[in-house]
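Numbering (the numbering used here), first residue to last: 26 to 164.
Glycine residues also receive a C-beta, built at the ideal position from the N, C-alpha and C atoms.
Quick caveat: nothing in here was measured; it's all calculated off a predicted structure.
Below is one structure, written out as structure tokens; comments come after it.
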């Protein structure tokens, strides 16, 4: 919901047909926020203004243990998958480690990051399976 009291803003602009420029209205920003900044903006606003600060801090600490990076993805502007991944830690901030590990294991984002998505067993195609994720869990 677009709640100005919570800092949510929707920029408004008008394009002039005779000129190739936009006029921004009701905004202290002169340009629209790029899609690649959306996930960090949502995270920052929730982390700073949420009523459950202990949960937010625990979620941040857990996200530093189960790290997934944008390096090599090419999907830096896809905010929903990153926020969904971070929600695993918010939901389980006071839960047990096994539940967190299970959700992170089945997360499509972690599957792509550590390349265990599409990995197969020896019996399937006579190739050794990708063990990146297993190695990370063992550490």
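As assigned by DSSP and simplified to three states, the class of residue i
i, result
"residue 71", "helix"
"residue 110", "helix"
"residue 128", "helix"
"residue 149", "helix"
"residue 159", "helix"
"residue 65", "helix"
"residue 81", "helix"
"residue 92", "coil"
"residue 103", "coil"
"residue 118", "coil"
Assumed close pair residue i, residue j - CB separation to whole angstroms, cut-off 8 angstroms
i, j, result
"residue 139", "residue 161", "6 angstroms"
Residue i versus the options, residue with shortest Cα-Cα distance
i, options, result
"residue 152", "158, 159, 144", "144"
"residue 90", "150, 154, 146, 135", "135"
"residue 87", "141, 128, 62, 156", "128"
"residue 133", "79, 119, 146, 93", "93"
"residue 131", "113, 76, 164", "113"
Buried or exposed by the 16-neighbour rule on C-beta atoms within 10 Å, applied to residue i
i, result
"residue 150", "exposed"
"residue 115", "buried"
"residue 157", "exposed"
"residue 64", "buried"
"residue 84", "buried"
"residue 81", "buried"
Backbone CA spacing between residue i and residue j [nearest angstrom]
i, j, result
"residue 122", "residue 148", "31 angstroms"
"residue 141", "residue 126", "15 angstroms"
"residue 68", "residue 62", "10 angstroms"
"residue 159", "residue 109", "22 angstroms"
"residue 26", "residue 155", "Caution applies to residue 26, whose pLDDT of 43 falls short of 50 and renders its modelled position unreliable; the model cannot decide the point."
"residue 164", "residue 119", "22 angstroms"
"residue 72", "residue 146", "41 angstroms"
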